[in-house]
Amino acid sequence: MDQGTTENGVENVQRLPATDDEFGGVVVEMKEHMDSEVFHTLLKTSMSQWKLQGKKGVWIKLPIYLSNLVDAAVKVSYVILLSGDCWINIW
């Protein structure tokens with residue numbers, strides 16, 4: 001998880017780790033186990049921060065061993081299944 005840092009005088013809150021994609025969005029690749037309630041809270045917080053940053057979309061990759069996070073993710077998005085992984089897309 002990204003820790004809070006100061007950027008342009010505004011303190012960022014804790015959010016999910018992400019990399020920028022070529023379309024102005026972000027990609028989150030979840031690799032470590034996490035409680036689904038914690039994930040849901042971090043996802044909502046992260047989405048708010050990314051929206052303020054002007055991000056246009058969010059892709060979340062959830063390997064099958066993190067299937068406990070799917071329910072929390074689909075509450076704010078929709079699901080695409082690709083090659084054994086679950087991809088969550090938010091626009």
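For the sequence shown, full-length UniProt numbering gives the first residue as 1, with consecutive numbering after it. Note that beta-carbon positions come from the ideal geometry of N, C-alpha and C, so glycine has one too. Note that the structure is a prediction, hence the values are computed from the model and not measured.
Alpha-carbon to alpha-carbon, residue j and residue i
i   : j   : result
R24 : V70 : Residue 24 is actually Gly in this sequence, not Arg. Distance between the alpha carbons of G24 and V70 is about 24 Å.
V13 : G84 : 32 Å
Q49 : A72 : 18 Å
In DSSP terms, what residue i is bridged to
i   : result
K61 : E29, W87
T19 : V27
8 Å contact criterion, which residue i and residue j should meet: CB distance rounded
i   : j   : result
W59 : D20 : Rounded, the Cβ-Cβ distance is 11 Å, inconsistent with contact.
Top-ranked residue by Cα proximity to residue i, from the options
i   : options            : result
K44 : S77, E32, K31      : S77
V28 : K61, N68, M47      : K61
P63 : W87, H40, L42      : W87
S67 : A18, R15, K31, V26 : K31
V38 : N89, R15, I90      : R15
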